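Shown next, in structure tokens, is the structure this report addresses.
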Amino acid sequence: MKLKTSRSWSSSFSPNVIATMAAPRTVININDVKRLRDEENAKVGEDSPTTKKPVGPKLEGKFPLSRWELAAFVGVFVMFSLGLFGVYWTMPAADFGKIRLPRSLSDLRMLKDLVATYADDHPAQFILGYCSIYIFMQTFMIPGTIFMSLLAGALFGVIRGLLLVVFNATAGASSCFFLSKLIGRPLVGWLWPEKLKFFQAEIAKRREKLLNYMLFLRITPTLPNLFINLASPIVDIPFHIFFLATAIGLIPASYITVRAGLALGDLKSVKDLYDFKTLMVLFLIGSVSILPTLLKKKRTYE
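Structure, rendered in structure tokens:
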């Protein structure tokens with residue numbers, strides 16, 4: 028039995044096995060393995076043709092509105108839609124099937140030809156319908172109000188068209204203001220986080236002359252009107268200042284648009300409305316509105 032045990036022990040340690048045991052062993056770090064595996068997975072993900080790459084502005088996180096906020100938006104939208112349908116239902120009969128919201132100047136010219144006779148025959152009903160559509164579009168940020176402003180100039184002339192456009196733009200912006208006050212804070216912070224921080228900082232610095240600054244923003248294309256409508260209640264701009272700045276500040280740009288509607292047939296592009304010369308005029312008018320703020324700041328430094 029002892030001899031057998033000795034043979035078994037000696038045979039299990041052959042020269043190859045002994046050499047293997049004597050060779051230096053490589054110590055494997057589990058963290059290095061994980062790091063290499065993550066790098067390989069990332070490389071495969073980047074090279075994969077099915078990997079979706081972000082397009083446009085990066086929006087981090089999930090959709091910001093809660094169920095209650097989304098329900099509130101839908102409720103307001105349904106209420107406005109029912110009101111718009113009620114106006115349409117009470118209007119005199121016409122071939123409304125051919126009427127579409129204009130998306131180009133050619134669409135606008137066709138629309139003008141379709142509604143010109145109706146506007147002459149039923150002016151009060153037409154203006155009511157026009158105002159309802161304009162305010163609806165402005166409230167829910169539907170693009171195309173610039174075509175509605177051009178249409179006002181083409182149908183009603185400069186003075187009546189300007190009054191109509193300023194009234195509708197102010198009413199629609201006010202509706203958008205209150206809608207944003209209800210549910211806009213998470214949405215604006217999600218869409219324009221950096222722009223909102225900038226706007227909030229600028230408003231904080233100009234609290235004493237806030238109306239002048241808001242007039243400057245409305246007259247000049249420094250910030251989009253859509254963003255101003257949505258962000259104003261979030262940065263605590265009082266509604267009376269927002270209303271006055273909107274009603275007064277939109278007059279110059281509205282005048283340019285309404286006047287261009289008189290020569291609708293000669294207009295080649297919407298971009299022609301705001302050429303370099305026109306923008307310089309708007310900035311000059313806007314600078315006059317903000318001049319008291321600049322003068323006060325200069326006196327403070329002196």
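Those letters in the sequence shown? Residues 28 to 329, by the working numbering.
We put the beta carbon where it would ideally sit given N, CA and C, even for glycine.
If you're wondering where the values come from, they're calculated on a predicted model, not measured in any experiment.
Beta-carbon separation (whole angstroms), K125 vs L111, contact threshold 8 Å: Position 98 of the sequence shown holds residue 125. Position 84 of the sequence shown holds residue 111. Between K125 and L111 a beta carbon distance of about 18 Å is seen, past the 8 Å cut, so the two are scored as non-contacting.
What first and last residue would you give for the alpha helix (DSSP H) that runs through V142? Along the sequence shown, read from residue 1 onward, the residue named residue 142 stands at position 115. That run of the alpha helix (DSSP H) goes 132-148.
Expressed to the nearest angstrom, what Euclidean distance is found between the alpha-carbon atoms of R22 and V193? Any answer about residue 22 is impossible in this case: the structure gives the chain only from 28 up to 329.
Just to confirm, is the Cβ distance from L242 to G276 under 7 Å? Numbered from its first residue, the sequence shown carries residue 242 at position 215. Numbered from its first residue, the sequence shown carries residue 276 at position 249. Contact: yes.
How should A244 be labelled, buried or exposed, when 16 other C-beta atoms within 10 angstroms of its C-beta is the threshold for buried? Here residue 244 refers to the residue found at position 217 when the sequence shown is read from its first residue. Per the sequence presented here, residue 244 reads as Leu, with Ala not at that position. By the neighbour-count criterion, in which 16 or more other beta carbons inside 10 Å mark a residue as buried, L244 falls on the buried side.
Are there 16 or more other CB atoms within 10 angstroms of the CB of I169, so buried, or fewer, so exposed? Mapped onto the sequence shown, residue 169 falls at position 142. Exposed.
What's the gap between the Cα of A274 and the Cα of T166? By 1-based counting over the sequence shown, the position of residue 274 is 247. By 1-based counting over the sequence shown, the position of residue 166 is 139. For the pair A274 and T166, the Cα-to-Cα distance works out to about 15 Å.
Going by C-alpha distance, which of V308, I317, S296 is nearest S131? As a first step, residue 131 is located in the sequence shown; it is residue number 104 there, counting from the start. Considering only alpha carbons, the answer is S296.
Thinking just about the alpha-carbon of each residue, which of R136, L318, L309, L209 is nearest to the one in Y282? Counting from 1 along the sequence shown, the entry for residue 282 is found at position 255. For the residues R136, L318, L309, L209, the minimum Cα distance to Y282 belongs to L309.
Given that a residue counts as buried once 16 or more other Cβ atoms are within 10 Å of its Cβ, and exposed if not, what is F183? In the sequence shown, counting from the first residue as 1, residue 183 sits at position 156. With 16 or more other Cβ atoms within 10 Å, it is buried.
Between the beta-carbon of G171 and the beta-carbon of V114, is there less than 7 Å? What you label residue 171 is simply residue 144 of the sequence shown in a count that begins at 1. What you label residue 114 is simply residue 87 of the sequence shown in a count that begins at 1. With a cutoff of 7 Å on beta-carbon distance, G171 and V114 are scored as not near each other.
Hey, how far is the Cα of L138 from the Cα of R127? As a position in the sequence shown, residue 138 is number 111, starting the count at 1. As a position in the sequence shown, residue 127 is number 100, starting the count at 1. Per the coordinates, the alpha-carbon of L138 lies some 7 Å from the alpha-carbon of R127.
Quick one: using the 10 Å Cβ neighbour count with 16 as the cut-off for buried, is W246 buried or exposed? Residue numbering aside, residue 246 sits at position 219 when the sequence shown is read from its first letter. Sequence inspection shows Ile at residue 246; the Trp mentioned does not correspond to that position. Burial call: buried.
Please state the DSSP three-state secondary structure of V297. In the sequence shown, counting from the first residue as 1, residue 297 sits at position 270. Here V297 sits in helix by DSSP.
So what does DSSP say about F167, is it helix, strand or coil? Looking up residue 167 in the sequence shown gives position 140. Three-state result, F167: coil.
Using a threshold of 7 Å, state whether the C-beta atoms of S176 and T284 are closer than that. Taking the first residue of the sequence shown as position 1, residue 176 is located at position 149. Taking the first residue of the sequence shown as position 1, residue 284 is located at position 257. Against a cut-off of 7 Å, the Cβ pair of T284 and S176 comes out as a contact.
Going along the chain, which residues of its own chain have a beta-carbon closer than 6 Å to the beta-carbon of S316, five neighbours each way excluded? Within the sequence shown, residue 316 is the residue found at index 289, counting from 1. Cβ neighbours of S316 beyond the five flanking positions: N239, L242, F243.
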